[in-house]
Structures are given as C-alpha cells and as structure tokens.
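Colleague: What follows is a single structure, and I will ask about it in a moment.
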Amino acid sequence: MKKILALIILAAVLPVFPVLSQAPSAETILDRVDRNAVPGNKIVMSEMIIHGRRDSRSIKIKSWIEGEDKAFTEYLYPPREQGIKMLKLGDQLWTYSPATDRTISISGHMLRQSVMGSDLSYEDMMENKKLREVYTAKVNGEEKFLERDCWVLELVANKGEAAYYTRKLWVDKERDLILREERFAKSGKLLKTLDVKSVIRAQDRWVPNHVVFKDALKEGQGTEFKIDTIEFDVAVPAYLFDKAGLRR
Amino acid sequence: MISFLFKGIIRDRSRSLFPFLTVVAGVFLTVGFYCYMKGAEFDITRYSANMGTGHVKVMTRAYAKEADQFPNDAALTGVGALIGGLQEKYPEFDWAARILFGGLLDVPDEKGETRSQGPVAGIAADILTPGSKEPGRLALEKGLIRGRLPSKSKEILISEELSRKLGIGPGDTATFIGVSMDGSMTMSNFILSGTVRFGVQSLDRMGVIADGADIREALDMPDAAGEVLGFYKNSLFDREKATATARAFNALYEGREDDFLPTMLTLTEQNSLDAYFAMFEAAQAAIIAIFLLPMSLVLWNAGLLGSLRRYGEIGVRLAIGEDKRHVYKSMLAESLIIGVLGSVVGTILGLAVAYWLQTKGIDISGVLRNATILIPTVLHAKITPFSYFIGFIPGLLATFLGTAIAGRGVYKRQTAQLFKELET
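Top line first, the protein sequences correspond to chains A and B. First residue of the first sequence? That's 0 in numbering that gives the first Met the number 0, and the numbers climb one at a time after it. First residue of the second sequence? That's 0 in numbering that gives the first Met the number 0, and the numbers climb one at a time after it.
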C-alpha cells in the first residue's frame, strides 16, 4: 500500500521536475542575453524612423562599435544632420557638429535629452553595461511573444547609476534575445517600451533588425530602429575612438 | 455762513487741527497707495505684454497647453500668411512673431573645447528689420550694459549676469545648443554683441535675445514661430475689447478637433495674470474702504471729544434760541470744510510722493528672487486723472460720517436743563 502511495505521489510530482530542471536561473538568462547583445566589434548601418507629433522623418546612421565601451556614430542622412558625429568612450559622450565646428561634451541633464528628436535619450545610447552587472533579476514566468516562448524577467537596479529602476523583459528562450521590454521609474511609472518587430540571423547570431522604441511620456507613435547591414568581428580603425577623430 | 464757519475753524484751531491732520494723513496714504497700485498694475501689464504675453497672443492649441515649456514642436507653421491674415482682420493690433527657446550656451576655449556652459532661456524677435518695434518693446537700448545691439545676423545679446557667469563679453563667440522643431539637438554659433539687464528676474538670470530669422534657422523652423503676439497700436491694454477679439478669433475654429489649429489668448488669460489683476482691483477698493472706516472712527471719536469740549458753546447756542437742526447742520458744514481742506492738502502731499515714485520706483527684486514669471523688478507709481479725486472720497465721507454720528448728541440736549447746566 505504501509503495502504491509513493508511486502515486511520484507520478504526480514527476511532471513538475522536468520544467523546474529546465528553468535556468534569472542570472543565467541575463548572462546569455548579455553574451548575445554585447559582442566584440561590429559595424552597423541603420535607419531611425521618428514618428513625431506632426510627421515622420528618417535618419540614416553608421556606427562603429568596439565592445561595450567604445562607439563612434556618424549621421549620413538627411542633409541637415549629415556629418554630425558622436563618440562614446566609457561613460563620456561627445558630439561634433560640422556647422559649428565644435566638439561638445554631453553630460548632466543633457543626457536625458532626446537623440535627434527620437524616443531614445543619450542616456539610453550610453547604456552599454551588461544588464547582469547593474540589475538583480528574477524569473516572473513564461509567456508567448511574437509566437516565441519567452521567459518573463523582472529586473531591479542594484546600482544607483541605472537609468531605469526596474525593467520587465520578455526573453526568447531559444535565441536569448529580448523581444519586449518595459522600463520603469522608481515610482513605478512606465517610462519607455521596446518592441522587437523582426529578427534576422547574421553571422551565426540572432539580431533584432526592427525595433520600436516608445517614450511613454511623449506623444507620437515612437521611433523605429531598422538595421540595414551588420558586420561582426571586423577591424575598426583606432582613430575613430579618438576625440580628434570627430573633426576628420 | 461758510465764511463764518471757516473763520471759526481757522481761529479756533484746537477744535479743527486734529480732525484736519487725520484727514490729511488718511488722504495722503489713500492717494499714495492708489497711485502705487495703479503704477504696479500698469508696469506689470506693460512688461508682460512686451516681454511675453502681448495684449493678445496666437499659438497652436497644443503649444498653449504647455506654453511654459516652450514646446516648439507644436509651433505655428505658415506664420507669414497667418500674420497677413491677422493684420487684415484685426488692424487695431501690431502683430509680431516670436520664438521662445531654451537650451545651453557653450563657450569654447582656444582649442574649441568647452570652457564654460550654462542653461539659457531666450526670446527670438524681429530685432534686425529696420523700423521693427520689437527692440523697443524688449527695451533693449535702455537695458544695454556693455557692447551694442545686434546689427547683423548671428549676433545675440545675453544678460549681464549670464555673461559674467560664463566669462564672456562682447565680441566673443558662443555655441547655442538647442532642440529643433522636430526634436533634434541643434548647434549654432553666435557672436555676443552686447549684454543687457532686462529688469525681469527670470530673464536676468539666463536670458538671451536673438533675431527671429537666426533662431528659425538654428532650430529648423522655416516660416514657423511658437507665438504671434498682438499689441494694441496705442500700447494700452483694453481688456474687454481684447476678450471680444479672442472670442471672435477662436470661434472661427470651434468644433474642429486638431491640436495644431491656432487659438488666441488675451494678456490676462496667461501666466495667471487674471489673478494679479483681480488682486489689484480688490486692493484698490480695499485701500479706499480701509482708510474710510478707521478715519470715520477716529473722526467720530474726535467729534465726540469736540462735542464734550464744545458742550458749553452748543448749550449757549441752543439757549439763545438757535435751532438744534441748525446747530447740527453747521457742525456738518464745519466738518465738510475740514474734510475739503484736509483732502486738498492730503492729495497734494500724496501726489507729490506718487510723482517721486513715478520717477524713481521701488525695487522689489528682493521679493522676486525665485520668481519665474515676467514681473519687473522696479515698480513705479502712476498718477492718473482719478488720482486727483480718489482722496476726497474717504476725506469727505469720513469727516462727514464722524461728525454726523458724534453730532447726534445735539438732539439729546434738553432746553429746560440748559440754564441749570450753564450755571454750574
């Protein structure tokens, strides 16, 4: 009788174990996301479509990125923005405007300004630290998003420097990609959302190539970010990551 | 009769001096305060209109909702045609486009790197077109401290305080970092032509004045402006007419759901100025009431004292057959003469002080240290035609009321008792 009872309990409990055993810890999921999102060198050609209060406009950008600390961006289109360059070295950000021939450091409250009128702030652009280093995560459950099985993670900042106190992530279980994100202030107010619209396979990596950012505090339809081309592990000229390079 | 009473007042000063001085003091304060309140109201109206509100202002509905944040992404477009239409429809106004903008002023060192940087809030107006009234409205010539007014494109004026904070002077170049109409960050170089003192605390802290065309180019706002201001050609704000104009203009767009349609606001509908004006009106009424009431009480008391002191005199007058009503009337006439004399002297003194305040003004910058609204730091008095008469209201009423109440004692005297009273 005891054996039968034990078997029944075992039969009831067993289906649970595979799920629990498959569920990685939140830290493991974040590690995978970071590994996928912050690779070595890359050169990206992209387009930003900003849907403003009145109309939409498109900006073409080329970026050279080295790891998580160095990035150089040049605006290619439209003519008014053409030639504007931005250099990020660690926690510092400079912008160069050919119209004024000035290189200006963007710091303090300027970091909260919108990048070219988009829904992204300079602070968002500067955010390059691995999520695992800045946030403490917990798995909140599983959901389907864009027909993909996702882990739902809740992140809480463990460092004062984080731009957003909490985040909610939908992470593709198989591809370790964030497919949706909600970013909140400490008060719990929703500040920004990010929605991945499509994903491509580039050099054996999954890359979101169409993302919509939305500043929840702004009117408008958000900012689309589309990747035209992306090359990984390419040589990036060292002079680009020099302040003097902004004037070239 | 009047000359008889007048002689009595002059010759027996002990019965008239105290009421006279009371009336002089009350009328002097009434006239002085009234002129100062009128002047403050006039100064605030003029400053507000010239520096920001106009007598009426046209904006988009979206801009009007957040006007204090300079939301140039909601600016008016097709401003040339809009102003043309306004000039045709409302010729009693002068119309002027303005752009209010915020951003940073970045001063380079010899290598072009940032030497100093500070937040700025600016007004872009038509200051370069010959014959434009905008430099006068913004009192640029009057406020110039160093350098000169902008005479060509890409020249700006900044507040003296800001120039000292940033360490720049006339002839230096600074980069303005702002936000374009579509939200992009923009950078433009300007040459500082001079420094000014605006006389408005908020602008003196971080004010910039630039030409409208330069800022339109810098902020990528072709044929656009945040606001179009209307100024009465005689420079005097007419609240009722302005309200009627705004109502008629807004009726043209009523029932249409579009945040970018224009809307017109009057001066008093902006920056809580309606509350200020209500306060001024209440204060002016209160000044008259406040001085009227205590003056009446003081003069009533003086009348009572006078009646006591003149107890014998009144008794004799009644005893020799003078009618009580005649005695009472003569006392009232005396009080009116004292009231007139006191009011004349009080008004002269009040107007003298008001004239001095009209010229010199009172510096109120101490109480405006953290103010963000456009209020001048020096408020002047203003002598209006009514200033010559306002003192007579409390001056005459108070003496008349005081004597009328105190003099009622005349009717309580019993003729039969008079001789007995006089014997004692």
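C-beta: ideal position from N, C-alpha, C; glycine also.
With distances taken Cα to Cα, identify the nearest neighbour of arginine 246 (chain B) among B:Gly193, B:Gly168, B:Val57 and B:Trp299.
Modeller: Nearest C-alpha to arginine 246 (chain B): B:Val57.
Colleague: What ranges does the beta strand (DSSP E) occupy inside the region 123-194 of chain B, keeping only unbroken runs of at least 3 residues that lie completely in it?
Modeller: Qualifying beta strand (DSSP E) stretches, in chain order: 143-146, 154-158 and 172-178.
Colleague: If contact is defined by three or more beta carbon pairs under 8 Å, each pair taking one atom from either stretch, is the region 85-97 of chain B in contact with the region 153-171 of chain B?
Modeller: As far as the Cβ criterion goes, the region 153-171 of chain B does not touch the region 85-97 of chain B, which means the pair count is below three.
Colleague: Please tell me whether threonine 174 (chain B) has its Cβ less than 7 Å away from any Cβ of chain A.
Modeller: Yes, threonine 174 (chain B) counts as interfacial toward chain A.
Colleague: Please tell me whether methionine 58 (chain B) has its Cβ less than 7 Å away from any Cβ of chain A.
Modeller: False, the Cβ-Cβ gap to chain A never drops below 7 Å.
Colleague: What are the residues of the region 106-126 of chain B that lie near chain A, defined by any Cβ-Cβ distance shorter than 9 Å?
Modeller: From the region 106-126 of chain B, only Pro107, Gly111, Glu112, Thr113, Gln116 and Pro118 have a Cβ closer than 9 Å to chain A.
Colleague: Quick one: what's proline 261 (chain B) bridged to in DSSP?
Modeller: Answer is B:Thr59, bridged to proline 261 (chain B).
Colleague: Is methionine 115 (chain A) close to chain B, meaning its C-beta is less than 7 Å from at least one C-beta of that chain?
Modeller: Methionine 115 (chain A) counts as touching chain B.
Colleague: With a threshold of 7 Å between beta-carbons, can glycine 221 (chain A) be considered close to chain B, or not?
Modeller: Taking Cβ atoms only, chain B never reaches closer than 7 Å to glycine 221 (chain A), which makes this a no.
Colleague: Taking the CB atoms as reference points, tell me whether methionine 294 (chain B) and glycine 25 (chain B) lie closer together than 7 Å.
Modeller: Cβ distance < 7 Å, so methionine 294 (chain B) and glycine 25 (chain B) count as in contact.
Colleague: Please identify the residue among A:Ser104, A:Arg31, A:Thr27 and A:Tyr134 whose C-alpha is closest to the C-alpha of threonine 174 (chain B).
Modeller: Ranking A:Ser104, A:Arg31, A:Thr27 and A:Tyr134 by Cα distance to threonine 174 (chain B) puts A:Ser104 first.
Colleague: What in chain B is Cβ-close to serine 45 (chain A), meaning under 8 Å?
Modeller: Near serine 45 (chain A) there are no residues of chain B at all, since even the closest Cβ is about 17 Å away, more than 8 Å.
Colleague: Confirm, please, whether the CB-CB distance from methionine 115 (chain A) to serine 234 (chain B) is below 7 Å.
Modeller: No, Cβ-Cβ distance for serine 234 (chain B) and methionine 115 (chain A) is not below 7 Å.
Colleague: In chain A, which residues lie with their C-beta within 7 Å of the C-beta of asparagine 270 (chain B)?
Modeller: In chain order: nothing, as chain A lies at least about 24 Å away.
Colleague: With H, G and I counted as helix, E and B as strand and the rest as coil, what does DSSP make of leucine 218 (chain B)?
Modeller: Leucine 218 (chain B): coil per DSSP, three-state reduction.
Colleague: Touch check for the region 137-146 of chain A and the region 166-185 of chain A: three-plus C-beta pairs under 8 Å?
Modeller: The region 137-146 of chain A, when compared against the region 166-185 of chain A, does touch it at the 8 Å Cβ threshold.
Colleague: Would you report the Cα separation of leucine 176 (chain A) and lysine 217 (chain A), rounded to the nearest angstrom?
Modeller: Rounded to the nearest angstrom, the two C-alpha atoms are 26 Å apart.
Colleague: What separation, rounded to the nearest whole angstrom, lies between the Cα atoms of serine 20 (chain A) and lysine 129 (chain A)?
Modeller: In this prediction, serine 20 (chain A) has a pLDDT of 43, which is less than 50 and means its spatial position is unreliable; nothing more can be read from the coordinates.
Colleague: Serine 131 (chain B) CB to nearest chain A CB: under 7 Å?
Modeller: It does not; no Cβ of chain A falls within 7 Å.
Colleague: Relative to the C-alpha of methionine 44 (chain A), which candidate in A:Gly82, A:Arg204, A:Ile60 and A:Ala162 has its C-alpha closest?
Modeller: The shortest Cα separation from methionine 44 (chain A) among A:Gly82, A:Arg204, A:Ile60 and A:Ala162 belongs to A:Ile60.
Colleague: Would you say serine 183 (chain B) lies against chain A (beta-carbon separation less than 7 Å)?
Modeller: Yes, its Cβ sits closer than 7 Å to a Cβ of chain A.
Colleague: For alanine 73 (chain B), which residues in chain A fall below 8 Å Cβ to Cβ?
Modeller: Per Cβ cutoff of 8 Å: Arg52.
Colleague: What's the call for threonine 59 (chain B), buried or exposed, on a 16-neighbour Cβ count within 10 Å?
Modeller: Buried, since its Cβ has 16 or more Cβ neighbours within 10 Å.
Colleague: What is the residue span of the alpha helix (DSSP H) that methionine 50 (chain B) lies within?
Modeller: First-last for methionine 50 (chain B): undefined, no H or E at that position.
Colleague: Against chain B, with Cβ distances strictly below 7 Å, would serine 104 (chain A) count as a contact?
Modeller: Yes, serine 104 (chain A) counts as interfacial toward chain B.
Colleague: Would you kindly report the start and end of the unbroken alpha helix (DSSP H) that includes asparagine 249 (chain B)?
Modeller: Element bounds for asparagine 249 (chain B): 238-250.
Colleague: Take arginine 200 (chain A) as the anchor and find which of A:Arg182, A:Glu73 and A:Thr228 has the nearest alpha-carbon.
Modeller: When only C-alpha atoms are compared, the closest one is A:Thr228.
Colleague: Once you ignore the five residues that flank glutamine 248 (chain A) on each side, which residues in its own chain have a CB closer than 7 Å to its CB?
Modeller: With chain A represented from 0 up to 247, any question about residue 248 (chain A) goes unanswered, as that position is not in the structure.
Colleague: Residues of the region 75-90 of chain A in Cβ contact with chain B at a cutoff of 8 Å, in chain order, please.
Modeller: Listed in sequence order: Arg79 and Glu80.
Colleague: According to the neighbour-count rule (16 or more other Cβ atoms, all chains shown, within 10 Å of its Cβ), is serine 24 (chain A) buried or exposed?
Modeller: The residue is exposed, with fewer than 16 neighbouring Cβ atoms inside 10 Å.
Colleague: Here's the rule I'm using: 16 or more other beta-carbon atoms within 10 Å means buried, otherwise exposed. How should valine 30 (chain B) be labelled?
Modeller: The residue in question, valine 30 (chain B), is buried, as its Cβ has 16 or more Cβ neighbours within 10 Å.
Colleague: In angstroms with no decimal places, state the Cα-to-Cα distance between leucine 75 (chain A) and glutamate 216 (chain B).
Modeller: Cα-Cα distance, rounded: 20 Å.
Colleague: Classify isoleucine 155 (chain B): buried if its beta carbon has 16 or more other beta carbons within 10 angstroms, exposed otherwise.
Modeller: Buried is the call here.
Colleague: Among B:Gly311, B:Phe388 and B:Ala405, which has the Cα closest to the Cα of cysteine 34 (chain B)?
Modeller: Among B:Gly311, B:Phe388 and B:Ala405, the Cα nearest to that of cysteine 34 (chain B) is on B:Phe388.
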